[in-house]
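Sequence order for the protein chains is A and B.
Under the working numbering, the first residue of the first sequence carries the number 19, and numbering increases by one thereafter.
Under the working numbering, the first residue of the second sequence carries the number 19, and numbering increases by one thereafter.
There are 2 protein chains.
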Amino acid sequence: MYQLIDGKELSKRIKEELKIEADKLKEKGIIPKLAVILVGDDSASKVYVRNKSKACNEVGVEFEEILLNSNTSMEKLLSIIDELNNRKDINGILLQSPIPKGLNIQEAFERIKWEKDVDGFNPINVGRLMIGQDTFISCTPYGIIKMLEACDIEIQGKNAVIIGRSNIVGKPLMQCLLNKNATVTICHSKTKNIKEITRTADILISAVGKINIVTADMVKDGAVVIDVGMNKNDKGKLVGDVDFEKVKEKASYITPVPGGVGPMTIAMLMNNVIKATKLQNNIIN
Amino acid sequence: MYQLIDGKELSKRIKEELKIEADKLKEKGIIPKLAVILVGDDSASKVYVRNKSKACNEVGVEFEEILLNSNTSMEKLLSIIDELNNRKDINGILLQSPIPKGLNIQEAFERIKWEKDVDGFNPINVGRLMIGQDTFISCTPYGIIKMLEACDIEIQGKNAVIIGRSNIVGKPLMQCLLNKNATVTICHSKTKNIKEITRTADILISAVGKINIVTADMVKDGAVVIDVGMNKNDKGKLVGDVDFEKVKEKASYITPVPGGVGPMTIAMLMNNVIKATKLQNNIIN
Chain A
19 MYQLIDGKEL SKRIKEELKI EADKLKEKGI IPKLAVILVG DDSASKVYVR
69 NKSKACNEVG VEFEEILLNS NTSMEKLLSI IDELNNRKDI NGILLQSPIP
119 KGLNIQEAFE RIKWEKDVDG FNPINVGRLM IGQDTFISCT PYGIIKMLEA
169 CDIEIQGKNA VIIGRSNIVG KPLMQCLLNK NATVTICHSK TKNIKEITRT
219 ADILISAVGK INIVTADMVK DGAVVIDVGM NKNDKGKLVG DVDFEKVKEK
269 ASYITPVPGG VGPMTIAMLM NNVIKATKLQ NNIIN
Chain B
19 MYQLIDGKEL SKRIKEELKI EADKLKEKGI IPKLAVILVG DDSASKVYVR
69 NKSKACNEVG VEFEEILLNS NTSMEKLLSI IDELNNRKDI NGILLQSPIP
119 KGLNIQEAFE RIKWEKDVDG FNPINVGRLM IGQDTFISCT PYGIIKMLEA
169 CDIEIQGKNA VIIGRSNIVG KPLMQCLLNK NATVTICHSK TKNIKEITRT
219 ADILISAVGK INIVTADMVK DGAVVIDVGM NKNDKGKLVG DVDFEKVKEK
269 ASYITPVPGG VGPMTIAMLM NNVIKATKLQ NNIIN
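The following block contains the structure:
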């Protein structure tokens, strides 16, 4: 009998705890504030930004949206980042991806001061995560670890298999799991015999972005299955990477889509904004 | 029939090629220079530093050794790094590890300007490697990739298993192998059933530092075996992690110790010094 990992419920609890933190900061006269830059008019991005704004409202974080049209130059984007870097009232800066082709997103991420890099995409934060130092961990991997911990799922000594090696999920998640003493394997489009590998997984995470890429025959009995995918099926419904109905019968724990990893990502963003605010104001704990 | 991967011979070839690069720089009036900081009097460290100095001499890189006694303060160490960061004649800075307890080596590594960080230990360089950007790759993992390439060993689509998750070998090597499209697993002291995992490896790398930790029963027939270990046995002889005499009979390729990974590490350090010199002088290729 599988257990559903309710990311929505858990994220709600985390946001409530963060609200207490935010309130304490306000008593000290400090108001946490997140700036989100959105370039162009990708409709999915707009939804993501709206959800982030909603979460800010729940936690008591101020929110400033910077909307740039799709023919914004790289110079302009960088100068806006510099401005936000220098503003004392802004604690966290997030550049919503994707940005229009022709703009270099890595250069932009690198320009965001590491102290305000609440997405954890600046190479300094990426490097610190890899070295095992305290840092801003990117929100999706961080949310996954929090979910596993909330369910008391043992990570140490377990075989964790990640499908997908993106810079925003697969690679940082590998570091997070390694830091928690899992044995970690990372698979991707060039992996041969992927089924043989995924069937060794005690914890299986799919972060590919393809419907039904994880089928029941790829999953070991009793595995924990985490679905990072966010895909629209032919009926326009949001679904994950995992063939949920069949895989759930083999899993011990499984995340739904929607209501699994997605809400956790936003909760951890809020966590990082509070962390950044404390860091910038020299508040320990 | 196994083939020995001769790191000594390959490193010689690489250093010869680098000498040509160094000579070209000299024609432009640019003399590449490496500064090595050694704190305390660890005898193994002294040998390593001597070998690096010898390699500099072979390639035509100037070498400056900064010897600090073991009760040097952190402030002093950082101020010396700052000085070297600012000196125009110094292109690469290397802090020999270990440094005495009480000094924070991570803080020191982080202080070395990324442009002069020829060891690739600054979080910016670590992060860039993880993101897949051009950067200074730490020398041992880089040397291993060069060895595999020199032997025309296919990496893409192969199962690579790394034993050991250190910041200087295991973790960056994982990134390097992933960037070359291998499916990568990283094992460590908390891994259970390690034998089952290592036997799936087409390419097996041990970076633990324990004699005979890799035995023949852990190795798949025809595997490529790379031994990063540098251990002294009870006769005072330098040996690796791999039970060489038995494992070689199963391997397709295997590195010896000494004469395998060790010389490659130093060759790649020279590579990084030349790269840093070019970068600082805006020379492309």
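By construction, the Cβ of each residue, glycine as well, lies at the ideal position given by its N, Cα and C atoms.
- Boundaries of the beta strand (DSSP E) around A178/B: N177 to I181.
- In this chain, the alpha helix (DSSP H) harbouring S63/A covers S61 to V77.
- Distance from the CA of V279/B to the CA of G25/B, rounded to the nearest whole angstrom, comes to 6 Å.
- Contact residues of the stretch 204-229 of chain B toward chain A are I204, C205, H206, S207, K208, T209, K210, N211, I212, E214, I215 and T218 (C-beta to C-beta distance below 9 Å).
- Counting only runs that start and end inside the stretch 154-209 of chain A, the alpha helix (DSSP H) elements of at least 4 residues fall at 157-168 and 188-197.
- N197/B is not a Cβ neighbour of G138/B, given a cutoff of 8 Å.
- In this structure, the alpha-carbon of L28/B lies about 8 Å from that of A168/B.
- Contact annotation for V54/A against chain B: no contact, minimum CB-CB distance about 22 Å [criterion: below 9 Å].
- When Cβ pairs closer than 8 Å are counted between the two stretches, the stretch 82-93 of chain B is seen not to touch the stretch 278-298 of chain B, the count staying below three.
- Per the C-alpha coordinates, the member of V237/B, N290/B, A225/B and S224/B positioned closest to T218/B is V237/B.
- In summary, D239/B is exposed, with fewer than 16 beta-carbon neighbours lying within 10 Å of its beta-carbon over all protein chains present.
- Each of I32/A, A73/A, N87/A and V232/A was checked against the Cα of I55/A, and the nearest Cα belongs to N87/A.
- Here K131/A has N103, I111 and N140 as same chain residues with Cβ atoms under 8 Å from its own Cβ, once five neighbours each way along the sequence are excluded.
- Scanning P159/B, V232/B and T216/B for the CA closest to the CA of Q193/B turns up P159/B.
- Counting every other CB atom within 10 Å of its CB across the protein chains shown gives I162/B a total of 16 or more, marking it as buried.
- Within the same chain, Cβ atoms closer than 8 Å to the Cβ of N75/A are found at F81, the five residues on either side in sequence being excluded.
- Three or more pairs of CB atoms, one per stretch, sit closer than 8 Å, so the stretch 200-209 of chain A contacts the stretch 166-183 of chain A.
- When DSSP states are grouped into helix, strand and coil, F139/A belongs to the coil group.
- The shortest C-alpha to C-alpha distance from I229/A to any of D220/A, V246/A and T216/A is the one to V246/A.
- Collapsing the DSSP output to three states places S270/A in coil.
- Within the same chain, Cβ atoms closer than 6 Å to the Cβ of I49/B are found at E80, the five residues on either side in sequence being excluded.
- Interface with chain B (8 Å Cβ-Cβ cutoff): L196/A is included.
- In terms of CA proximity to V242/B, I221/B leads the group K33/B, S61/B and I221/B.
- Distance from V226/B to D259/B at the Cβ level is roughly 5 Å; contact confirmed, criterion being Cβ atoms closer than 8 Å.
- Sequence-distant partners of L256/A (beyond 5 residues in either direction) whose C-beta falls short of 8 Å from its own C-beta, in its chain, are M248, N249, K250, V275 and P276.
- Going by beta carbons, V265/A and A285/A fall outside the 8 Å limit.
- Residue contact check for G110/B against chain A: no CB pair falls below 8 Å.
- Boundaries of the alpha helix (DSSP H) around I32/A: G25 to E45.
- Membership of G110/B in the beta strand (DSSP E) is indicated by the continuous run G110 to L113.
- Membership of K51/A in the beta strand (DSSP E) is indicated by the continuous run K51 to V57.
- The CB of R146/A comes closer than 7 Å to the CB of P141 in chain B, given here in chain order.
- In the same chain as L113/B, and ignoring 5 residues on each side of it, the C-beta atoms closer than 6 Å to its own belong to I55 and A126, in chain order.
- Between L43/B and M288/B, the C-beta spacing is not below 8 Å.
- Under a criterion of Cβ atoms nearer than 8 Å, the residues of chain A adjacent to N199/B are, in order, H206 and K208.
- The three-state reading of DSSP puts L86/A in strand, counting E and B together.
- Here the alpha carbon of K51/A sits roughly 11 Å from the alpha carbon of V136/A.
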